[in-house]
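Undergrad: My questions will all concern the structure given below.
2 protein chains.
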Amino acid sequence: MIDQPFLDRVESIFRTVQDAQIEALRAFDGALTVTRDLWDRPEGGGGDTRILTEGRVIEKGGMNFSAVQGDVTEALKQQLGTEATRFAATGVSSVLHPHNPHVPIIHMNVRYFALDDGTWWFGGGIDLTPHYILPEEARAFHADLSTICGRHAIADHPAFKAWADRYFFIPHRGESRGVGGIFFDHMGRRGDVDREDALAFCHDLAGSYAAVYRSRAEPFADVPVSQEDLHWQGLRRGRYVEFNLVHDRGTRFGLVSGGRTESILMSLPARAHWTYDHQPSEGSPQAVTLEWLKKGQEGVDWSAQ
Amino acid sequence: MIDQPFLDRVESIFRTVQDAQIEALRAFDGALTVTRDLWDRPEGGGGDTRILTEGRVIEKGGMNFSAVQGDVTEALKQQLGTEATRFAATGVSSVLHPHNPHVPIIHMNVRYFALDDGTWWFGGGIDLTPHYILPEEARAFHADLSTICGRHAIADHPAFKAWADRYFFIPHRGESRGVGGIFFDHMGRRGDVDREDALAFCHDLAGSYAAVYRSRAEPFADVPVSQEDLHWQGLRRGRYVEFNLVHDRGTRFGLVSGGRTESILMSLPARAHWTYDHQPSEGSPQAVTLEWLKKGQEGVDWSAQ
Chain F
1 MIDQPFLDRV ESIFRTVQDA QIEALRAFDG ALTVTRDLWD RPEGGGGDTR
51 ILTEGRVIEK GGMNFSAVQG DVTEALKQQL GTEATRFAAT GVSSVLHPHN
101 PHVPIIHMNV RYFALDDGTW WFGGGIDLTP HYILPEEARA FHADLSTICG
151 RHAIADHPAF KAWADRYFFI PHRGESRGVG GIFFDHMGRR GDVDREDALA
201 FCHDLAGSYA AVYRSRAEPF ADVPVSQEDL HWQGLRRGRY VEFNLVHDRG
251 TRFGLVSGGR TESILMSLPA RAHWTYDHQP SEGSPQAVTL EWLKKGQEGV
301 DWSAQ
Chain S
1001 MIDQPFLDRV ESIFRTVQDA QIEALRAFDG ALTVTRDLWD RPEGGGGDTR
1051 ILTEGRVIEK GGMNFSAVQG DVTEALKQQL GTEATRFAAT GVSSVLHPHN
1101 PHVPIIHMNV RYFALDDGTW WFGGGIDLTP HYILPEEARA FHADLSTICG
1151 RHAIADHPAF KAWADRYFFI PHRGESRGVG GIFFDHMGRR GDVDREDALA
1201 FCHDLAGSYA AVYRSRAEPF ADVPVSQEDL HWQGLRRGRY VEFNLVHDRG
1251 TRFGLVSGGR TESILMSLPA RAHWTYDHQP SEGSPQAVTL EWLKKGQEGV
1301 DWSAQ
């Protein structure tokens, strides 16, 4: 059985987080236009997609809440390794693409999954994709995530950081998507985690999203931008598109299983570029960034940089 | 055994076609810059990628020749349904993205595959993706393909057209990629086709590529372009990116099996756009195009339009 009162509480907290984080983003990106798109899922449940456009800092982004339930299809059985027949899932996810190439892209997701065989789990994470990597910025970002994890005994920061490094890797490019962050999944599935602790961690993580981004974004929002910067931003966004469409399990599963396309592809940038075999000139900030990204799936210990 | 002399001949013909078609494209798009990128495949063979940029008509495109051979990996065994141990494959593929949104995108591919159990087959096709669909242009394009097929008893135009309609469909959008064309695969695999006939058809098809495109492209290359046209072009190119990265079997197989990323992603446009849930205004050329694209995977009988 799925514990409905607990599910209701998770949904309610996730909805509250969505509202609060959008307010917090508006607080530092005043011009941000927020459009609401409420939708139903024919098979059960629905969502509340908020589209964020044309802020001072943010060019295009979104924050999506969804709460869906339904039969466990054959595909889902295989993906989840379960024999359960009904599922419920709720989550908040967000991607923010800034105007200024000197401001990084950020992504956040928290989600709760419950099956009618009584199993449940949480998953999620936050990761950062700078167009230009500055080690001190990556270090500060990871320090913020480490602080959040430090408030929760169940949040194993080194393990979650390594998980993000493995996950946000683009094999066909041999590049990391960005500087990583944290990623976790199946938290509680083996019955080794108290669900209140897991919920509190997810709540804290998602509730820190706007503040974490503001620290990395605001100082760079007005840095002068050249045509070369904009082209490079387009190329890095192209990699973001490639990762999401070719490799990201959530995106691919959503698209092939009949998920809501517009809400799933909310993560794509307003504009992306591709140039055949683009090679930045030696020693340029673009070349330095590429070097960091090519360190491999083991990632970089940013705290030591 | 793989018949090496025949393979050599196919390769030689495909190389000749690549050169001839690039010359034919240059003949009507004089400013076109052609850059050559010769590459080796560590596991055997290699290719000759020609990058086409900044023509008067073509903004970004390419024409790739490759001739590779190697062991049949487990993944390939599954994909091909074979127990053979060695393969050879050669092909020419091309995508052309024009500057002007009133000029369509075109794609062509011919390929030959041989296994050491003695089986072999040809595959390929040409398909057109207008940013704005004009029925008379789609009709003329399909008439050209019908004429080419009509010169070859083995080329079943209605079947190949239906195959393209099914193949170039974007399920997560419920849209066709464009107006289709022809698509065929496994030609000769069942031993029911003479290989000389199949080669002659592929040669003729690839050899008609530039002329087929010129007829559709040249009359529209200087049509005045608005900002709205460019945005719409960006959105349609975004769909092209989605199809290629999410669904196209060749692209996905290449990327996950360690193919040469730059040559595979040569098909992507210089620039693509995404706008959340973009809805063209009623009765606009964009809305009319979308209506045609939403006719479903059965496609449209353009000869009757």
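Residue numbers (the working numbering), protein chains in the order written: chain F, 1 to 305; chain S, 1001 to 1305.
Quick reminder that beta carbons are idealized off the backbone N, C-alpha and C, glycines included.
Quick caveat, the model's predicted, so the values are computed rather than measured.
Between the alpha carbons of residue 1041 of chain S and residue 1003 of chain S, how many angstroms are there, rounded?
TA: If you take the alpha carbons of residue 1041 of chain S and residue 1003 of chain S, they lie about 21 Å apart.
Undergrad: Under 7 Å between C-beta atoms, does residue 163 of chain F make it to chain S?
TA: No - not a single Cβ of chain S is within 7 Å of the one on residue 163 of chain F.
Undergrad: Using 8 Å as the Cβ pair cut-off and three pairs as the minimum, do the stretch 1077-1092 of chain S and the stretch 1058-1069 of chain S touch?
TA: A contact exists between the stretch 1077-1092 of chain S and the stretch 1058-1069 of chain S.
Undergrad: Would residue 1222 of chain S be called buried (16 or more neighbouring beta carbons within 10 Å of its own) or exposed?
TA: The residue is exposed, with fewer than 16 neighbouring Cβ atoms inside 10 Å.
Undergrad: Taking the straight line between their C-alpha atoms, what separation do you get for residue 85 of chain F and residue 120 of chain F?
TA: Rounded to whole angstroms, residue 85 of chain F to residue 120 of chain F spans 13 Å at the Cα level.
Undergrad: At which residues does the alpha helix (DSSP H) containing residue 199 of chain F begin and terminate?
TA: Residue 199 of chain F -> alpha helix (DSSP H) spans 195-207.
Undergrad: How would you call residue 104 of chain F, buried or exposed, if buried means at least 16 neighbouring beta carbons within 10 angstroms?
TA: Its Cβ being crowded by 16 or more others within 10 Å, residue 104 of chain F is buried.
Undergrad: Taking three-plus beta-carbon pairs below 8 Å as touching, is the stretch 1197-1211 of chain S in contact with the stretch 1068-1083 of chain S?
TA: No, because fewer than three Cβ pairs between the stretch 1197-1211 of chain S and the stretch 1068-1083 of chain S fall closer than 8 Å, the two stretches do not touch.
Undergrad: How long is the line joining the alpha carbons of residue 1302 of chain S and residue 1139 of chain S, rounded to whole angstroms?
TA: For residue 1302 of chain S and residue 1139 of chain S, the distance between alpha carbons rounds to 5 Å.
Undergrad: Using a Cβ cut-off of 7 Å, pull out every chain S residue sitting near residue 272 of chain F, in sequence order please.
TA: Here the neighbours are 1272.
Undergrad: Taking CB distances under 7 Å as the criterion, tell me whether residue 1276 of chain S reaches chain F.
TA: Yes, residue 1276 of chain S lies at the interface with chain F (some Cβ there is under 7 Å from its Cβ).
Undergrad: Spell out whether any CB of chain F is found under 7 Å from the CB atom of residue 1261 of chain S.
TA: Yes, residue 1261 of chain S lies at the interface with chain F (some Cβ there is under 7 Å from its Cβ).
Undergrad: At 4 residues or longer, and completely inside the stretch 49-82 of chain F: list those alpha helix (DSSP H) runs for me, N to C.
TA: As far as the stretch 49-82 of chain F is concerned, its whole alpha helix (DSSP H) runs of at least 4 residues are 74-80.
Undergrad: Just to confirm before moving on: does the CB-CB distance between residue 1098 of chain S and residue 1229 of chain S stay below 7 Å?
TA: Not closer than 7 Å, so no.
Undergrad: At a CB-CB cut-off below 9 Å, which residues of chain F make contact with residue 1037 of chain S?
TA: Within chain F, the residues near residue 1037 of chain S are 276 and 277.
Undergrad: Could you tell me the boundaries of the alpha helix (DSSP H) in which residue 182 of chain F lies?
TA: It is not in any alpha helix (DSSP H) - residue 182 of chain F instead sits in the beta strand (DSSP E) that spans 180-187.
Undergrad: If you drop the 5 nearest sequence neighbours on each side, which residues of the same chain put their C-beta closer than 7 Å to that of residue 123 of chain F?
TA: Contacts found: 111, 184, 185, 186 and 187.
Undergrad: Could you tell me the boundaries of the alpha helix (DSSP H) in which residue 292 of chain F lies?
TA: Where residue 292 of chain F is concerned, the enclosing alpha helix (DSSP H) stretches over 285-293.
Undergrad: Spell out whether any CB of chain F is found under 7 Å from the CB atom of residue 1245 of chain S.
TA: So, interface residue.
Undergrad: Does residue 307 of chain F get closer than 7 Å to chain S when you measure Cβ to Cβ?
TA: This structure leaves residue 307 of chain F out entirely; chain F is present only between 1 and 305.
Undergrad: Is residue 1005 of chain S helix, strand or coil when you go by DSSP?
TA: Helix at residue 1005 of chain S.
Undergrad: Given a limit of 8 Å on CB to CB distance, which residues of the stretch 1163-1185 of chain S reach chain F?
TA: Cβ contacts with chain F: 1171, 1172 and 1173.
Undergrad: Confirm, please, whether the CB-CB distance from residue 239 of chain F to residue 141 of chain F is below 7 Å.
TA: No. Outside cutoff.
Undergrad: Please return the same chain residues whose Cβ sits closer than 8 Å to the Cβ of residue 314 of chain F, not counting the five positions on each side in sequence.
TA: Because chain F in this structure spans residues 1 to 305, residue 314 of chain F falls outside the shown range and cannot be described.
Undergrad: Checking contacts by CB at 7 Å: is residue 25 of chain F closer than that to chain C?
TA: No chain C is present in this structure, whose protein chains are F and S.
Undergrad: Which chain F residues are close to residue 1234 of chain S, counting only those with a beta carbon under 8 Å from its beta carbon?
TA: Near residue 1234 of chain S (Cβ distances below 8 Å), the residues of chain F are 271.
Undergrad: Under 7 Å between C-beta atoms, does residue 1058 of chain S make it to chain F?
TA: Closer than 7 Å: no.
Undergrad: Can you look up residue 232 of chain F in the DSSP assignment and give me helix, strand or coil?
TA: Reduced to three states, the DSSP call for residue 232 of chain F is helix.
Undergrad: Is the Cβ of residue 96 of chain F closer than 7 Å to any Cβ of chain S?
TA: Output row for residue 96 of chain F: interface = no.
Undergrad: Within a Cβ cutoff of 8 Å, which residues of the same chain sit near residue 1295 of chain S, ignoring the five residues on either side of it in sequence?
TA: The answer, listed in chain order, is 1176.
Undergrad: Using CA coordinates, which residue listed in F/167, F/261, F/226 and F/147 is at the minimum distance from residue 209 of chain F?
TA: Here the closest residue by C-alpha is F/147.
Undergrad: With the cut-off set at 7 Å, would you say residue 275 of chain F and residue 264 of chain F are in Cβ contact?
TA: No. Outside cutoff.
Undergrad: Quick one, which of F/269, F/277 and F/163 has its alpha-carbon nearest residue 297 of chain F's?
TA: Comparing Cα-Cα distances from residue 297 of chain F to each of F/269, F/277 and F/163, the minimum goes to F/163.
Undergrad: In the structure shown, what three-state DSSP assignment does residue 100 of chain F receive?
TA: DSSP places residue 100 of chain F in coil when its eight states are reduced to three.
Undergrad: Flag this pair as touching only if the stretch 266-282 of chain F and the stretch 1279-1296 of chain S have three or more C-beta atom pairs under 8 Å; answer yes or no.
TA: Touching, no.
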